[in-house]
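There are 2 protein chains.
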Amino acid sequence: MRFVTYYHDTDIKLGAQLNNWVLDLRRGQNYLSGSKFVSDGKVLSNALIPEIMTELIDSDSPFMDEAQQTVKFIQEFLPNAVGKLKSKAILIESDQVILKPPVINPGKLICVGMNYPSPGKVKDQQAAYPVLFLKSSSTLTGHQHPILLPRISDEVFCEGELAIVIGKTGKHISIENALSHVAGYTIANDIGARDLEQRTSQWATGKLPDTFCPMGPALVTSDEIPDPNKLTIRTHINGVLVQSGNTSEMIFNVPYLISYISSIAMLFPGDIILTGTPKSINGRPAPIVYLKAGDHISIEIEGIGVLSNQTKREEYLDA
Amino acid sequence: MRFVTYYHDTDIKLGAQLNNWVLDLRRGQNYLSGSKFVSDGKVLSNALIPEIMTELIDSDSPFMDEAQQTVKFIQEFLPNAVGKLKSKAILIESDQVILKPPVINPGKLICVGMNYPSPGKVKDQQAAYPVLFLKSSSTLTGHQHPILLPRISDEVFCEGELAIVIGKTGKHISIENALSHVAGYTIANDIGARDLEQRTSQWATGKLPDTFCPMGPALVTSDEIPDPNKLTIRTHINGVLVQSGNTSEMIFNVPYLISYISSIAMLFPGDIILTGTPKSINGRPAPIVYLKAGDHISIEIEGIGVLSNQTKREEYLDA
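So the protein lines, in turn, are chains A and B.
Start counting the first sequence at 501; every next residue gets the next number (the working numbering).
Start counting the second sequence at 501; every next residue gets the next number (the working numbering).
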């Protein structure tokens, strides 16, 4: 299933993507409760569908079961009842909602650098440990939101990445158990500014600007992605292919990364791991393309979807 | 004034430190409303004292004014009414509460590395830009909570630092306006694991372990610290002085850091900047002391207080 966080009617809500519709999970659950159990459906609904994704995906909560039942119920009901569901605002047309990043405020946003081979580089020259760095949750933005090009950089570039969303708390997670800690996957664009990164030894400066982590469109639950290391991943800028690879190329694969990071820090529901970006186009080195205002970037990962954003210049608002 | 986030009676609350007491801000405000305005004090109180520090210190909110009025009222009332205030649980003895970090879930926790001179190094060899890196908010812990030594490191060290807490949103903040964006200051212990830091080019791995950012005890409002670059700062391990300096030695001072960071990312209320650690003891190079289980660390900053924590070995809980 595909869960989204979206903005509609001045509220931030949890929804599920169904074809070209977004299902309002609370209204859908309310409708389900009403028709099955009568009683006070609204109160029940508010209790059973939480406000934020981090609570929905927490494996210790009953919310995900309730959400999945709701989606299945509406799916069965759908073919004969689009008009009715739409009139009750249980279904909203996708283009009527503004998508937010699936997880708005993750506790941790951990990135892995240099996790795909550079074409021509032999494997035993590669690092013994994953290169970890952090992004701030203030960099997050949603599908189709603008990426702001900072006025202090001329070297902004994009990196398409598979993002792991944790659903189950754990520390010192074994490689064998690692995938059971995943709630789902989504797509991230790890934007960086090379000139800012290179100001000092640490990349954080170049990874920190606002809107430098578009994410989405949806969180795809892990049952739909049995092997996260078997997915094609491609990035286009203005329709031109700039990265093309497969998550099978990762130097440190998804179970290893979860296990490794959990040897350092406790992982909690809603924590996100960005798994690095392919450095090639079909086996040849990928060029570095610096972004200019108005560029359209789209990142496609097999089985997950397409994350699209357009760049624009940062506006001049001073404090 | 000194505001704290604390745990008492299974609730996380906002309080103010008054001598050896913690004032429960909601109960205090309730009492103030009741005696001044009668009417429905409880509802008023819940509306006027928020749940979390980030909301209290937001310069766009009315909460800080209300909190300061409450503290002043209780202070005047205090000499003749300790017994009464205690019986109403408006005042709690300090040793009866568990302090949390003043800001529990900051949007950004930005650290500045190498921001004090190494003794003997001449100034023009120093960097053109502050070295920025991020810590995760999952590293935060409060005054007197244990620092867990990870089982995968033998080289854990501590760094006493002045922490800036932002109270007013801003981007591209000028150096002149920078201090007006500060809600207050607190003390941070930027714990690191050298062996983990040195696994890769990026320090994040060594800065990420749980409990690696003790912070507190209190947020001291900026009106009490007219010049944050004029404060002695000293760190002791088991009573032995290991760092001693003054915030006047910072290579990039507090207004500069706020202005610089805001040229990269929007700063929001509750965002925290760790300003780096002195590298000397009274002008001579400070030794690197690796921590062992049971060590007592205390960091004292003039006008702010003392942050104390004890180390212990991480327990063996596997997922």
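A virtual CB, placed ideally from N, CA and C, is assigned to each residue, including glycine.
Listing by chain order, which chain B residues have their CB less than 7 Å from the CB of Val631 of chain A? Thr700, Ser701 and Gln702
Counting C-beta neighbours from all protein chains within 10 Å, is the total for Gly583 of chain B 16 or more, i.e. buried, or is it exposed? exposed
Could you please tell me which residues of the stretch 708 to 720 of chain B, in chain order, have their CB closer than 7 Å to any CB of chain A? Leu708, Pro709 and Asp710
Which one or two residues does DSSP pair with Asp524 of chain A in a beta bridge? A:Gly515
Buried versus exposed call for Ala516 of chain B [16 or more other C-beta atoms within 10 Å across all chains shown]: buried
Using the DSSP secondary-structure output, state which residues sit across from Ile733 of chain B in a beta bridge. B:Gly745 and B:Ile801
Can you give, in chain order, each stretch of the alpha helix (DSSP H) that sits fully within the stretch 648 to 722 of chain B and has at least 4 residues? 694 to 697 and 704 to 707
Between which residues of its own chain and Val543 of chain B is the CB-CB distance below 8 Å, once the five residues before and five after are set aside? Its pLDDT being 45, under 50, Val543 of chain B is placed unreliably by the model, and the measurement read from it follows with that caveat. No residues qualify anywhere along the chain.
Are the C-beta of Ser637 of chain A and some C-beta of chain B separated by less than 8 Å? yes
Please specify which runs of the beta strand (DSSP E), each continuous and at least 3 residues long, are wholly inside the stretch 563 to 601 of chain A, giving them in chain order. 591 to 593 and 598 to 600
Can you look up Val754 of chain B in the DSSP assignment and give me helix, strand or coil? helix
Amino acids of chain A, ordered along the chain, whose beta-carbon sits closer than 9 Å to that of Ala688 of chain B: Under the 9 Å cutoff, chain A gives no residues; its nearest Cβ is about 16 Å from Ala688 of chain B.
Of all the CB atoms in chain A, is at least one closer than 8 Å to the CB of Ala627 of chain B? yes
Any contact of the stretch 561 to 570 of chain B with the stretch 789 to 802 of chain A, i.e. 3+ C-beta pairs under 8 Å? no
Closest Cα partner of Ile687 of chain A within the set A:Thr570, A:Glu802 and A:Trp521: A:Glu802
Less than 8 Å between CB atoms is the rule here; does Gly667 of chain A satisfy it with respect to chain B? no
Nearest chain B C-beta to Gly783 of chain A closer than 8 Å, yes or no? no
Helix, strand or coil at Tyr616 of chain A [DSSP, three-state]: coil
Quick one: grab the DSSP three-state call for Phe537 of chain A. Confidence in Phe537 of chain A is poor, its pLDDT being 42 and thus under 50, which makes the residue's placement too unreliable to answer from.
Hey, out of A:Gly528, A:Phe633, A:Ala704 and A:Tyr616, whose CA is closest to Ser744 of chain A's CA? A:Tyr616
Going by C-alpha distance, which of B:Asn782, B:Ile664, B:Lys779 and B:Gln529 is nearest Tyr756 of chain B? B:Ile664
Contact residues within the stretch 643 to 663 of chain A, judged by C-beta distance below 8 Å to chain B: Pro650 and Ile652
When the Cα of Thr554 of chain B is compared with those of B:Gln575, B:Gln702 and B:Pro601, which residue comes out closest? B:Pro601
Contacts of Gly613 of chain A in chain B (Cβ-Cβ under 9 Å): Thr700, Ser701 and Gln702
Name the DSSP bridge partner or partners of Asn882 of chain B? In the structure displayed, chain B extends from 501 to 819; residue 882 of chain B sits before or after that span and is not available.
At which residues does the alpha helix (DSSP H) containing Leu556 of chain A begin and terminate? Met553 to Leu556
Using the beta-carbon count (16 or more within 10 Å), is Pro709 of chain B buried or exposed? buried
Close Cβ partners of Asn782 of chain B (< 8 Å) along its chain, the five nearest in sequence each way excluded: Ser744
Taking Cβ-Cβ distances shorter than 7 Å, what residues in chain A pair up with Leu634 of chain B? Leu634, Ser636 and Ala704
From the DSSP secondary-structure annotation, give me the bridge partner or partners of Thr641 of chain A. A:Pro714
Does the stretch 628 to 643 of chain B touch the stretch 726 to 738 of chain B, meaning 3 or more C-beta pairs lie closer than 8 Å? no
In its own chain, which residues sit with a C-beta less than 6 Å from the C-beta of Ile809 of chain B, not counting the 5 before and 5 after it? Checking the sequence, you will find Asn at residue 809 of chain B rather than Ile. Here the set comprises Ile647, Pro714 and Ile797.
Beta-carbon proximity of Pro630 of chain B to Tyr506 of chain B, cut-off 8 Å: no
When the cut-off is 8 Å and only beta carbons count, does Ile764 of chain B lie next to chain A? yes
Would you say Leu791 of chain A faces chain E, with C-beta separation under 8 Å as the test? Absent from the structure: chain E. Protein chains present are A and B.
By Cβ distance below 6 Å, which residues in the same chain neighbour Gly706 of chain A in space, the five residues on each side in sequence not counted? Gly692, Ala693, Leu696 and Glu697
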